[in-house]
Amino acid sequence: MKDIVITVVNFFAWLGIVVATVVGYFAMKGNYEYIGALIGFAVGCLGSGVWFVLSAIHQNIQTIRDIAVKQSQG
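The sequence shown: position 29 = 58 (the working numbering), numbered continuously.
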């Protein structure tokens with residue numbers, strides 16, 4: 030169940046990067062669309078990056094726990 034939740038939230042994190050890029054593009058409409066898109070992309074990556082790091086740490090801790098449980102059982 031946890032893996033499904035992580036997968037769904039990862040999808041929305043990627044979607045958040047795309048949405049932030051598009052919003053940045055349209056927010057800076059005029060002569061600075063591409064700068065706005067880059068800023069939006071950076072903000073989206075920062076927000077989603079926090080989730081991706083936490084997700085990776087969680088998966089590594091789960092793997093370590095699973096190995097420890099297997100070794101303790103014999």
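Even for Gly, the Cβ is constructed at its ideal location relative to N, Cα and C.
In this text, all values refer to a predicted model and were calculated from it rather than measured experimentally.
| Item | Value |
| --- | --- |
| Taking 8 Å as the cut-off, decide whether the C-beta atoms of Gly65 and Ile46 are in contact. | no |
| Would you decide whether Gly69 is buried or exposed? Buried here means 16 or more other CB atoms lie within 10 Å of its CB. | buried |
| Residues in its own chain within less than 8 Å of Ser77 by CB, not counting five upstream and five downstream? | Ala42, Trp43, Gly45 and Ile46 |
| What residue range is occupied by the uninterrupted alpha helix (DSSP H) comprising Lys99? | Glu62 to Gln102 |
| Given a threshold of 16 other Cβ atoms within 10 Å of its Cβ, counted over all protein chains shown, does Gly53 qualify as buried or as exposed? | buried |
| Specify the secondary structure class of Gly45 as computed by DSSP and reduced to three states. | helix |
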